[in-house]
Amino acid sequence: MTILALETVMITDARVLQPEFVPSEVAHRDAEVDHLSSALAPITAGQRADPVFLYGPSGVGKTCIAQFTVERLREAVIELNHQYVNCWEDHNRFKTLYRVLEGINRTVDVHRQSTPRDVLLERLREYDGPPYVIILDEVDQLTDKRLLYDLYRVPTITMILIANDEAGLFGALDGRLTSRLRNSTQVEFSQYGNDELVAILADRVRWGFEPGAIDRPRLETIANHAAGDARVAIGVLRKAARAAETEGLGEIPPRIIDESVPAAKSELEAQTIDRLTSHQAALYEIISEAGEIGPGELYERYCGAVSEPKTRRMVRNYLSKLEHYNLIVARGNTRDRTYRLDS
DNA sequence: TCTCCACCGGAATGCTTGGATG
DNA sequence: CATCCAAGCATTCCGGTGGAGA
6 MTILALETVM
16 ITDARVLQPE
26 FVPSEVAHRD
36 AEVDHLSSAL
46 APITAGQRAD
56 PVFLYGPSGV
66 GKTCIAQFTV
76 ERLREAVIEL
86 NHQYVNCWED
96 HNRFKTLYRV
106 LEGINRTVDV
116 HRQSTPRDVL
126 LERLREYDGP
136 PYVIILDEVD
146 QLTDKRLLYD
156 LYRVPTITMI
166 LIANDEAGLF
176 GALDGRLTSR
186 LRNSTQVEFS
196 QYGNDELVAI
206 LADRVRWGFE
216 PGAIDRPRLE
226 TIANHAAGDA
236 RVAIGVLRKA
246 ARAAETEGLG
256 EIPPRIIDES
266 VPAAKSELEA
276 QTIDRLTSHQ
286 AALYEIISEA
296 GEIGPGELYE
306 RYCGAVSEPK
316 TRRMVRNYLS
326 KLEHYNLIVA
336 RGNTRDRTYR
346 LDS
């Protein structure tokens, strides 16, 4: 098999290219890790910790840091259960509770929704095992925020809540929990700087690539394109590495990096667009074609584009959803409001 | 500076769906 | 089977906001 012999193996450990890979060293988030760790400290004494709230834009390592810190906590505490729940995927009460029970192997044999009201919660209340840490990612997507209050009342549970912004969550919260959360620990994540992105990429390269596969200036190129978003940076690295391997190269040339940038960005965007309904996608399409468009004209065109248009009010809901997921940007608040694509 | 009004987004209410219950 | 219920989607109504134009 001479062909195989000629083929260069550049990636030695592909796991480092997965977005959910948690590196053993978390580059440039020491302060946040410390902050979170100290908030969780009561757990090492066998007690529950108050909820911790992590917020910041996408791709700044909130999920990564949460998982890393819980993992590290697990090494320090003899008995600890933990579970990660993505509230976009499991956005209703039943699904979220089901995932939470999964983390302690207490799932009920029921697999359907709206079974006897809240057997799941009852089952959870009965839990009296070791401390249980749950990470609720994209928690602002939870349709029934009261669930947070219910979870809060389970004495063994510690919650780590992750969301894009403070207002998005607190606005929808019930007063009882709002006051608790306002006093609780909040860790704010800001955009990564270019140096930090380079450090993150370098870390992954060191763990999963052959030496010499990519040098620092090229990592800087990737970081520049990513504009503070680590998911984009890692996506570009992944695309470029795969493309280089396919061409049988032992290193990643600048040409391939440039080619991989749009591909990586549209891949991330496509993942989000797939989750949209046809009406939301139609709006996205119109804004995309128009470049920049006002609400009135947008609604006109929308009515022409779909067979059974929804009301203006509903369209506003769709638009705020698109905005929330950084697909579009809305500028202006009243009559001067315009919509355009993000980026 | 004042008034108008396009637009935003909260709240109340109705419609629909999927599953449980008798 | 008919009926009940929870949840999610959609509509209607409406108060607030701030740019546009007199």
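In the working numbering, the protein residues as written are 6 to 348.
Ideal Cβ placement from N, Cα and C applies to all residues, glycine included.
On a Cα-Cα basis, can you pick out the residue from the options that is closest to residue i?
i	options	result
S271	N110, L346 and V192	L346
R306	F73, E290 and A275	E290
V371	I139, R236 and S43	Given that the chain is displayed from residue 6 to residue 348, the structure contains no residue 371 and the question cannot be resolved.
P300	A287, P314 and V320	V320
I333	A248, G61, D279 and Y323	Y323
F58	D170, Q191, V105 and T101	Q191
P259	H230, T101 and A81	H230
Taking buried to mean at least 16 other C-beta atoms within 10 Å of its own C-beta, is residue i buried or exposed?
i	result
S95	A small correction: the amino acid at residue 95 is Asp; Ser does not occupy that position in the sequence shown. With 16 or more other Cβ atoms within 10 Å, it is buried.
A109	A quick correction: the sequence has Ile, not Ala, at residue 109. Burial call: buried.
R280	exposed
P56	buried
D341	exposed
P253	The question names Pro, yet the displayed sequence has Gly at residue 253. When all chains shown are included, G253 counts as exposed.
Going by beta carbon distance, what residues of the same chain come within less than 7 Å of residue i, once the five residues before and after it are set aside?
i	result
T316	none
I162	R53, Y137, I139 and L156
D18	W212 and G213
R130	V159
A269	V237, G240, V241 and K244
R104	Q88, V90 and D95
Please return the same chain residues whose Cβ sits closer than 6 Å to the Cβ of residue i, not counting the five positions on each side in sequence.
i	result
D149	R98
S119	In this prediction, S119 has a pLDDT of 45, which is less than 50 and means its spatial position is unreliable; nothing more can be read from the coordinates.
E250	M15
D142	T68, N91 and I167
Please return the same chain residues whose Cβ sits closer than 8 Å to the Cβ of residue i, not counting the five positions on each side in sequence.
i	result
R318	none
A46	A54
Q285	Y323, K326 and L327
Just how far apart, CA to CA, sit residue i and residue j?
i	j	result
M6	I83	Here the model assigns M6 a pLDDT of 42, short of 50, so the residue's position is not dependable, and the following value carries that caveat. Their backbone Cα atoms lie some 50 Å apart in a straight line.
P314	G296	22 Å
R221	V203	8 Å
S42	A238	27 Å
D170	S265	30 Å
E37	E193	8 Å
Y3	L166	In the structure displayed, the chain extends from 6 to 348; residue 3 sits before or after that span and is not available.
I227	W93	29 Å
A168	H329	11 Å
What residue ranges within the segment 199-251 form continuous alpha helix (DSSP H) runs of no fewer than 4 residues, ordered along the chain? If we require 4 residues or more, the alpha helix (DSSP H) runs fully inside the segment 199-251 come out as 199-213, 221-231 and 235-251.
Contiguous alpha helix (DSSP H) assignments of at least 4 residues, all confined to the segment 20-102: Those alpha helix (DSSP H) runs which fall completely within the segment 20-102 and span 4+ residues are 35-45 and 67-81.
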